[in-house]
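Quick note on numbering: the working numbering labels position 11 of the sequence shown as 11, and the sequence is numbered without any gaps.
Ideal Cβ positions, reconstructed from N, Cα and C, are used throughout, including at glycine.
Everything below concerns the one structure shown next.
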Amino acid sequence: MSLADKINQLSLIKTKFADLGDHSLDVVKALQSENEVVDHYRKLFKDREKFDNLFDLNEKIQSLLLDYYDASNQVKKQINSVVYSKERNILQNDHIRYATQTVDQELIDKRNENISQDFIELVKNAIQRYSDWRFAGCVLHPTDEQFVQDMVACEPLYVVSTNDLCVGRVKENLNDFYVTQRLRVYDSLKHLPPDLGLTVCINQFEYIPLDEQSDILTQVYNHTLPGGRMILTYNDCDQRQSLEHTLEGLRFYSTKELLLGKAYSIGWNVISTETINGLWQYALLEKEGQMDTIKTSAPVVSNIRKGVTWQTYPNEGKYTKRILELLKQHDPNYKK
């Protein structure tokens, strides 16, 4: 059996046994309630033999169910221990591979080109839904303008990247005004202002170890406003295709449970998750609280009517006079 088969089988067993024995406690509570009734009313009868027998059987069943619950937990612990041992070995290898790998522009572009078109549309729709002009937005390490363009409504829009070529691609597809007035490029998350409304991290977590993912989740959380959100994609090795990509060295090991559990421990609430073809996964996270802003769509100053003369705008006046003279020359019937 291949390593992929072993891990996949262990993951399946872990899922099947996840709730094993939990219902036993509910049954015990029901039996305790019934025994209280039996104990209360058996005192009213002279012949209590059958009541006593029922009471004793109830007690024995409760004891067996509690033993079953304890045994179930021991089985689950054993399964989790074996799964953790396999995961730990893979995670340790991931750290070594991450520290020694060479990631050139060709590899970055290839990873970007391999994203499923259906998944791109799914993520872009989510970005368009949650980006808001009243709050700052942030895109982490974009390869090109693909996901940045869906966030141009954000004010301002931050891009975090140390790749000059990729940053150049982003700027080339935005107009000069936006690039100079609203786009902000940083080389590190730690330099960002703590005013993020939405952060997007696409096709990045798939290629970094779990500890690195945790660091990014923590930094983004610390720079996000209460009520702010984060959209991210990740690798879920509970999905067979994602697992095979990982064992082939194309991705780094993670699961939905590991990543989202880490996000929850940091303070993120998991709002929703989606998957396509068992290979592409994304999650929407939200920081506890409610976003507030002083930005409104209405002007905060009144418009004052002002007379305009040739002296107000001398250059415009000069050009306007010249146009009037040309009109008179070509149209004798023209009247000023």
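Q: State the beta-bridge partners of SER214 as determined by DSSP.
A: Looking at the DSSP assignment, SER214 forms no beta bridge with any residue, so it has no partner.
Q: Rounded to whole angstroms, what's the CA-CA distance from ARG251 to ILE266? Just pull it up for me.
A: Cα to Cα, the separation comes out at about 24 Å.
Q: Mind the definition here: the segment 62 to 74 touches the segment 27 to 38 only if three or more C-beta pairs lie below 8 Å; say whether that holds.
A: yes
Q | N- and C-terminal bounds of the beta strand (DSSP E) containing ARG229 | A | Note, ARG229: beta strand (DSSP E), 224 to 234.
Q. Between which two residues does the alpha helix (DSSP H) harbouring GLN92 extend?
A. 49 to 100
Q.
Using the Cβ count rule (16 or more neighbours within 10 Å means buried), how would you classify PHE177?
A. It is exposed - the Cβ of PHE177 has fewer than 16 other Cβ atoms within 10 Å.
Q. By DSSP, does GLN290 sit in helix, in strand, or in coil?
A. GLN290 falls in the coil class under three-state DSSP.
Q: Under 7 Å Cβ to Cβ from ASN203, same chain only, skipping five residues before and after it: list those, please.
A: ARG111, ASN112, ILE115, THR233
**Q.** Reference ARG182, options VAL148, TYR207, THR293, GLU206, closest by Cα
**A.** VAL148
Q.
Here's a check: name, in chain order, each residue in its chain whose Cβ is nearer than 7 Å to the Cβ of ARG169, leaving out the five neighbours to either side.
A. For ARG169, the CB contacts under 7 Å within the same chain, skipping 5 residues up- and downstream, are ASP144, GLU145 in chain order.
Q) If you count every other CB in all the chains shown that lies within 10 Å of the CB of LYS256, and 16 or more means buried, which is it? A) By the beta-carbon neighbour count (other beta carbons within 10 angstroms, threshold 16), LYS256 is buried.
Q: Let me know the secondary structure DSSP gives GLN204 once reduced to three states.
A: coil
Q.
Checking 8 Å against the spacing of the C-beta atoms, do GLN290 and PRO194 come in under that value?
A. no
Q. Just checking, does the segment 184 to 201 make contact with the segment 124 to 140 on the three C-beta pairs under 8 Å criterion?
A. yes
Q.
Along the chain, where does the beta strand (DSSP E) containing GLY137 start, and where does it finish?
A. 136 to 140
(Q) If contact is defined by three or more beta carbon pairs under 8 Å, each pair taking one atom from either stretch, is the segment 269 to 284 in contact with the segment 115 to 124? (A) yes
Q: Report the rounded CA-to-CA distance for THR180 versus HIS141, giving the unit in angstroms.
A: A direct Cα-to-Cα measurement between THR180 and HIS141 gives close to 19 Å.
Q. Using CA coordinates, which residue listed in GLU155, CYS166, ILE61, ASP56 is at the minimum distance from LEU107?
A. Ranking GLU155, CYS166, ILE61, ASP56 by Cα distance to LEU107 puts CYS166 first.
Q.
By the DSSP assignment, the alpha helix (DSSP H) with VAL179 in it spans what residues?
A. Annotation: the continuous alpha helix (DSSP H) that includes VAL179 extends over 176 to 181.
Q.
Using C-beta distances below 7 Å, list every residue in its chain close to TYR221, excluding the 5 sequence neighbours before and after it, in chain order.
A. ILE266, GLY267, TRP268, LYS287
Q.
What does the alpha-carbon distance come out to for the pair ILE216 and GLN239?
A. C-alpha separation (whole angstroms): 23 Å.
Q) Based on the DSSP secondary-structure assignment, which residues constitute the bridge partners of ILE276? A) TRP280
Q. Would ARG129 be called buried (16 or more neighbouring beta carbons within 10 Å of its own) or exposed?
A. exposed
Q) From ASP132 to PRO156, what does the alpha carbon distance come to, in whole angstroms? A) Each residue's Cα considered, the two are about 10 Å apart.
Q | Cut-off 7 Å between Cβ atoms - residues of its own chain near ILE127, not counting five sequence neighbours on either side | A | PHE147, ASP150, MET151, VAL200, ILE231
Q: Would you mind working out which of ILE208, LYS190, LEU91 sits nearest GLN101, comparing C-alpha positions?
A: ILE208
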